[in-house]
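Protein chains: 2
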Amino acid sequence: MPRVVALSGGVGGAKLVSGLADLLDAQDLTVVVNTGDDFVHWGLHIAPDLDTVMYTLAGLANPVHGWGIDGDTFTALAMVERYGGEAWFRLGDRDLGTHVVRTQALAAGRTLTEVTASLCRALGVAPRLLPMSDGARRTMFDTATHGTLSFQEYFVKHRFEPAVRRVYFDGDPPPSAEALDAIAAADLVVICPSNPYVSVDPIVTLPGMREALARRPVIAVSPIVGGRAIKGSAAKLMVELGAGDPSAAGVARHYGGLLAALVVERGDAFEAPGLRVHATDTVMLTQGDRRSLAADVLALAGALAS
Amino acid sequence: MPRVVALSGGVGGAKLVSGLADLLDAQDLTVVVNTGDDFVHWGLHIAPDLDTVMYTLAGLANPVHGWGIDGDTFTALAMVERYGGEAWFRLGDRDLGTHVVRTQALAAGRTLTEVTASLCRALGVAPRLLPMSDGARRTMFDTATHGTLSFQEYFVKHRFEPAVRRVYFDGDPPPSAEALDAIAAADLVVICPSNPYVSVDPIVTLPGMREALARRPVIAVSPIVGGRAIKGSAAKLMVELGAGDPSAAGVARHYGGLLAALVVERGDAFEAPGLRVHATDTVMLTQGDRRSLAADVLALAGALAS
């Protein structure tokens, strides 16, 4: 089996990661996760994408939203609401336990990489989950109508409605050494069908990361299907940031020379010099869909290598 | 009605406070609460005695333990336990909401006095609850067998089993100005049947507090009944700290010249020069018991004044 590194954001990425985890030995799969959405809320360090991937692989994820823990309760939140406290971000009670333990461990001087490993161990998550960096990098949005917004303000508070003029990243920490090592040792890097602008770019634009990726075969899966984003703001951002009509071809242009191949939805295929475009079923509704898309990606990697 | 200031610790004190609240107009009752047990847990500022009094007056207190919120769930705690995190202090989910809001507000620069007022307002608690001080003062225990322990270590982790050689207070902040003003304006100060060593002494030994109290009529209610503490470590500490056999008379000696009168259980009466000792039913099992003891205390104050 190939050694695979997956670059992932939250919900969409976690689905493909879960398919890959079904097919690969745990020691052959490393997931490098976006932490540009991390934020402090209620004094707690929240890492939404790490948690989504972790809960998904632990079989705890809410199957409807994709984020949070299935069957979680919101008792603490109701009490905070009663006090007139900050209740716009819906933190579940079990989820809260994760943030408490993470925040405590970080305050005790452990790195996010170490903390993530220890949380994953406790939940029985076998593939390696790595934050993209142990340093802080925050995804920010310059908007036409609401000034500069943090990720959670843009995405949760304002439901990605304000038009975005620019996405930028506050902080240029080095990538995690463990992530760079895993990429250097990988037979394949998979860019999951996460939002290119807000989930993948924070990883890819870390200092030295693009160079590290350029040395490996990289396959991306397009999050744009039939001109629309399956979830979230990817399609809207493509238009607002001047990348043209949302399309799989636009995704390829965005990642540029990084890609050896792009997996797109049937009907979204296009021709591009030097890029292998593979059309298949990319919408993952069931665990079988996830596994089958993962198998397609691995088969494509095999074809590239031969 | 007299203007009353009650000095209170947690469970035992809250019961008498609740009786006083039934009898007095809200604007005539101020409760100055021990904060020597306050501590940081899960990164949150927890004020056990303030919360116990607040939840009791809000009608939310757990009627069995006296502390915590009735019917609270422990979902976040179970998750923290699953991660191998700190689970020795049993924090309920609703209770957690209180600590989150308090910690956030303190971090934003508000005083504990302000935060307490705002929490009480949200829960519909009408009498004024004041922390004894906005500064930090931590009750500490020199033990024979376990070195120096913080309050929660001594009380919760070690269930007040280690023999105590000395109780001391780490920090000498000024008393709350609001508390001093309320005492100066009070017709009566009631020392609730809280632990003299660990609940009342932290208040009374604040710089300038004893002098402020000396100018008002002070009535204490003995927490020692028939030679035993109704709850907690008061009787055990009396013996260990060399105050002799646990007794209401020992409580009177401990408070010394501060008291105009002491309310004791029937059968515990004793004679002491310059001290009025009033025997009645002091064990509060029902809300009626609380109200009736409060009425006794108020009647005794009336008798002292005439």
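Chain order of the listed sequences is A and B.
Each step along the first sequence adds one to the number in our numbering, with nothing skipped, and position 261 is 261.
Count along the second sequence from 1, then add 1000; that gives the number in our numbering.
Ideal Cβ positions, reconstructed from N, Cα and C, are used throughout, including at glycine.
Residues that B:Trp1042 contacts on chain A, provided the C-beta gap is smaller than 7 Å: Val100, Gln104
Residues near B:Ala1021 in its chain [Cβ-Cβ closer than 7 Å; skip 5 each side]: Leu1029, Leu1057, Pro1127
So, does the region 35-52 of chain A touch the region 1-21 of chain A, judging by three or more C-beta pairs under 8 Å? yes
Taking any Cβ of chain B, which residues in the region 124-138 of chain A have a Cβ under 7 Å from it, in chain order? none
Determine which residues share a DSSP beta bridge with B:Glu1265 and list them. B:Thr1280
Considering just the uninterrupted stretch of the beta strand (DSSP E) at B:Tyr1168, what are its terminal residues? Looking at the DSSP string, the run of the beta strand (DSSP E) that includes B:Tyr1168 is 1164-1170.
Between the alpha carbons of B:Tyr974 and B:Pro1223, how many angstroms are there, rounded? A question about residue 974 of chain B goes unanswered here, because the residues of chain B that appear run from 1001 up to 1306.
Comparing C-alpha positions only, which one of A:Gly84, A:Arg215, A:Lys236, A:Gly97 sits nearest to A:Leu180? A:Arg215
Need the endpoints of the alpha helix (DSSP H) that A:Arg82 sits in, please. DSSP places A:Arg82 in the uninterrupted alpha helix (DSSP H) bounded by 75-82.
Three-state secondary structure (DSSP) at B:Leu1123? coil
Which residue marks the beginning of the beta strand (DSSP E) containing B:Asp1142, and which one marks its end? 1138-1143
What three-state label does DSSP hand A:Pro193 in the structure shown? coil
Hey, how far is the Cα of A:Pro48 from the Cα of A:Ile69? If I take the Cα positions, the gap works out to 12 Å.
Taking the straight line between their C-alpha atoms, what separation do you get for A:Arg82 and A:Leu91? 15 Å
Is it true that the CB of A:Leu23 sits closer than 9 Å to the CB of A:Pro131? no
Could you compute how far the alpha carbon of A:Ser233 sits from the alpha carbon of A:Lys15? Separation of A:Ser233 and A:Lys15 (C-alpha to C-alpha, rounded to the nearest whole angstrom) is 18 Å.
Beta carbon of B:Val1277 nearer than 9 Å to that of B:Ala1248: yes
Per-residue DSSP class, three states only, for B:Pro1223: coil
Is the distance from the Cβ of A:Val263 to the Cβ of A:Ala279 below 9 Å? yes
Counting only Cβ pairs nearer than 9 Å, list the residues of chain A close to B:Thr1075. Ordered by position in chain A, the residues that pass the 9 Å Cβ test against B:Thr1075 are Asp72, Thr73, Thr75, Ala76, Gly92, Asp93, Arg94, Leu96, Gly97.
Please look up how many angstroms separate the CB atoms of B:Ile1183 and B:Val1190, rounded, as I've assumed it's under 8 Å. About 11 Å separates the Cβ atoms of B:Ile1183 and B:Val1190, ruling out a contact at the 8 Å cut-off.
Who are the near neighbours of A:Gly124 in its chain, counting only those whose CB is closer than 8 Å to its CB and skipping five residues on each side? Ala58
So B:Gly1171 and B:Arg1138 are supposed to be a Cβ contact under 8 Å. How far apart are they, rounded? 6 Å
Start-to-end residues for the beta strand (DSSP E) that takes in B:Thr1312: This structure leaves residue 1312 of chain B out entirely; chain B is present only between 1001 and 1306.
Spatially closest choice to A:Ser18 from A:Pro207, A:Leu60, A:Glu161, by CA coordinates: Measuring from the Cα of A:Ser18, the nearest candidate turns out to be A:Leu60.
Where B:Pro1202 sits in the DSSP three-state scheme: Judged by DSSP in its simplified three-state form, B:Pro1202 adopts helix.
Measure how close the beta-carbons of B:Ala1235 and B:Ala1229 come, nearest whole angstrom, since I'm counting them as under 8 Å. That belief holds up - the Cβ atoms of B:Ala1235 and B:Ala1229 are roughly 4 Å apart, short of 8 Å.
Quick check on this structure: which residue in B:Gln1287, B:Pro1207, B:Ile1046, B:Ala1252 has the alpha carbon closest to the alpha carbon of B:Glu1271? B:Ala1252
In chain B, which residues lie with their C-beta within 7 Å of the C-beta of A:Ala122? Taking a Cβ-Cβ threshold of 7 Å, the residues of chain B close to A:Ala122 are Arg1082, Tyr1083, Gly1084, in chain order.
Environment of B:Val1005 [buried if 16+ CB atoms lie within 10 Å]: buried
State the Cα-Cα distance for the pair A:Leu241 and B:Met1054, rounded to the nearest angstrom. Taken atom to atom, the span from the alpha-carbon of A:Leu241 to that of B:Met1054 is near 52 Å.
Where A:Asp25 and B:Cys1120 are concerned, what is the direct C-alpha to C-alpha distance, given to the nearest angstrom? 55 Å
With 16 other Cβ atoms within 10 Å as the buried cut-off, status of B:Val1200: buried
Would A:Leu237 and A:Asn195 be called neighbours here (beta carbons separated by less than 9 Å)? yes
Excluding the 5 residues preceding and the 5 following A:Arg290 in the sequence, name in chain order all residues of the same chain whose CB lies nearer than 8 Å to its CB. Lys15, Leu16, Ser18, Gly19, Asp22, Met284
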